[in-house]
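*Asks:* After the structure tokens below, expect a handful of questions from me.
Numbering (the numbering used here), first residue to last: 1 to 249.
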């Protein structure tokens, strides 16, 4: 709904501007002895280019921050899970292998099941949280006379808390998307920037052909780059599961 409202406002402002120009030319027509002024057109073209550069920068910063946050959450989650795996050595003998198995099962689920879903922009189910609860129960020490085992159990609970927080951040990052309003400005601004190049100052020369080709290609490259970064766990530029595979494969 916000996108529709934005388009209505933008089209309304553009229509109002067009009516203003039409009214001005009808009420105050240019005299025959007056020369047409090109400085207004050049100023408008320059402003469109500047504003489009601002929109491009804003979009790049937004998607890059989301992608960086996703990578940080992955690293924090994998590191805390690995610490949990190592702390199993200090638990009672009967609990060591169940904790290790539960940690490996959770890591395999993240890499093999959740990662393709996040790359495909699909929501995650509750299976990952169930496996994390199983890991938490496997690390609980109910009775122990050894202080070292009690300390290890408390530290394991702390590390599992870090896993929990990082997992929530990872799920939130997987659902982050660039605002439709920014996408609208990105596409409309690119079209206007190229259109003004054709309307004002373009001649049939090799230099202008190269300029138009270069600008068009650069705008297309930037839009595609933003599209790839808009998927924090995509195959090309998204965060990778290497942190999990490095510890558990």
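All residues carry an ideal CB built from backbone N, CA and C; glycine is no exception.
Since the model is a prediction, treat every value here as computed from it, not as a measurement.
1. Taking residue 101 as part of the alpha helix (DSSP H), name the residues at either end of that continuous run.
2. Using a threshold of 7 Å, state whether the C-beta atoms of residue 115 and residue 241 are closer than that.
3. Tell me whether residue 168 is buried or exposed, calling it buried when 16 or more other Cβ atoms sit within 10 Å of its Cβ.
4. Going by beta carbon distance, what residues of the same chain come within less than 7 Å of residue 223, once the five residues before and after it are set aside?
5. To the nearest whole angstrom, what separates the beta carbons of residue 139 and residue 97, a pair I think is in contact under 8 Å?
6. Terminal residues of the continuous alpha helix (DSSP H) containing residue 171?
7. How should residue 221 be labelled, buried or exposed, when 16 other C-beta atoms within 10 angstroms of its C-beta is the threshold for buried?
8. For residue 112, does the three-state DSSP call read helix, strand or coil?
9. From residue 59 to residue 91, what distance separates their C-alpha atoms?
10. How would you write the range of the alpha helix (DSSP H) that residue 233 sits in, first residue to last?
11. Among residues of its own chain, excluding the 5 on either side of residue 136, which ones have a beta-carbon nearer than 6 Å to its beta-carbon?
12. Applying the criterion that 16 or more other CB atoms from any shown protein chain within 10 Å of the CB defines a buried residue, is residue 42 buried or exposed?
13. Rounded to a whole number of angstroms, what is the C-alpha to C-alpha distance between residue 243 and residue 47?
14. Between the beta-carbon of residue 124 and the beta-carbon of residue 171, is there less than 7 Å?
15. Going by DSSP in three states, residue 241 sits in which element: helix, strand or coil?
16. Hey, how far is the Cα of residue 158 from the Cα of residue 104?
17. Quick one: residues in its chain with C-beta nearer than 6 Å to the C-beta of residue 83, no 5 flanking neighbours on either side, listed in chain order?
18. Does DSSP put residue 65 in a helix, in a strand, or in coil?
19. Hey, how far is the Cα of residue 118 from the Cα of residue 163?
*Replies:* Per the coordinate set shown:
1. 93 to 109
2. At the C-beta level, residue 115 and residue 241 come within 7 Å of one another.
3. exposed
4. 186 and 190
5. Wrong, their Cβ atoms sit about 12 Å apart, outside the cutoff.
6. 147 to 174 is the span of the alpha helix (DSSP H), which, as asked, contains residue 171.
7. Flag for residue 221 reads exposed.
8. helix
9. 48 Å
10. First-last for residue 233: undefined, no H or E at that position.
11. Closer than 6 Å at the Cβ level, and outside the excluded window around residue 136, lie 160.
12. exposed
13. 45 Å
14. yes
15. coil
16. 18 Å
17. 159
18. helix
19. Roughly 18 Å between the two C-alpha positions.
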